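Colleague: Encoded as structure tokens, here's the structure I'll be asking about.
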Amino acid sequence: MTNKELKEKLLSKCIEQQSEVIRQLDQEINDAQKMANDYGQPKDRYDAFRTKLMRQIQMYAQQMDKANIVLNTLQKIPLKKELEEVEFGAVVITNKQSIFVAAGMGKIELDGKTFYAVSPQVPIFNALKGKRKGEETVFNGIQLIIKDVF
């Protein structure tokens, strides 16, 4: 598999996972709204159950907003651009781990390999930013050797 194909598959997997998160949150919002509708009007000013349901809906809506931002970020990753240094959208293979600079999604399993999807705001990205294949950096006392960037 070429680097380009690997990156396409990795991005596709991230988008698929994030879309599933959004689908699950949408279902949670719908379920909570249905419960609130079935429950009816508040019984009194201090109706704790209805207040709890409204807070749940609000919490899920906030999580949905964040999940949509992550999905939009993923969709902005340019696949056609050839990358030679670590930047947003890069896949970075080091002697310790493989990193996809995209959005903070954590561990991604793909074809028996583990990648870590990280945001450009995390400290490890700052340690790797601008580095090229063959260069080295130290992060948290661990020496990282960049084997490939694409």
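Letter by letter, the sequence shown follows residues 0 to 149 in numbering that gives the first Met the number 0.
A virtual CB, placed ideally from N, CA and C, is assigned to each residue, including glycine.
This structure is a prediction, so every number in the text was calculated from the model and none was measured.
Give the secondary structure of isoleucine 98 by DSSP, where H, G and I count as helix, E and B as strand, and everything else as coil.
Modeller: strand
Colleague: Identify every run of the alpha helix (DSSP H) within the segment 4–85, keeping only runs that are complete inside it and at least 4 residues long; order them along the chain.
Modeller: 47–74
Colleague: In chain order, what residues of the same chain have a beta carbon less than 6 Å from the beta carbon of glutamate 134, not counting five sequence neighbours either side?
Modeller: Ile145
Colleague: Would you mind working out which of Pro119, Lys6, Gln17 and Ala126 sits nearest aspartate 64, comparing C-alpha positions?
Modeller: Gln17
Colleague: For the alpha helix (DSSP H) that alanine 126 lies in, which residues bound it at each end?
Modeller: 122–127
Colleague: Specify, as a first and last residue, the run of the beta strand (DSSP E) that lysine 146 falls within.
Modeller: In the DSSP assignment, lysine 146 falls within the beta strand (DSSP E) that extends over 141–148.
Colleague: Looking at the unbroken beta strand (DSSP E) that takes in glycine 88, where does it start and where does it end?
Modeller: Here glycine 88 belongs to no beta strand (DSSP E), and DSSP marks it neither H nor E.
Colleague: Leaving out five residues on either side along the sequence, give the residues of the same chain with a beta carbon under 8 Å from the beta carbon of alanine 101.
Modeller: Setting aside the 5 residues that flank it on each side, alanine 101 is surrounded in the same chain by Leu10, Cys13, Thr72, Leu73, Ile76, Phe87, Gly88, Ala116, Val117 and Ser118, each with a C-beta closer than 8 Å to its C-beta; the list follows chain order.
Colleague: What do you get for methionine 104, buried or exposed, if any count of 16 or more other CB atoms within 10 angstroms of its CB means buried?
Modeller: Buried, by the Cβ-count rule.
Colleague: Specify, as a first and last residue, the run of the beta strand (DSSP E) that lysine 130 falls within.
Modeller: That residue, lysine 130, is in no beta strand (DSSP E); it is neither H nor E in DSSP.
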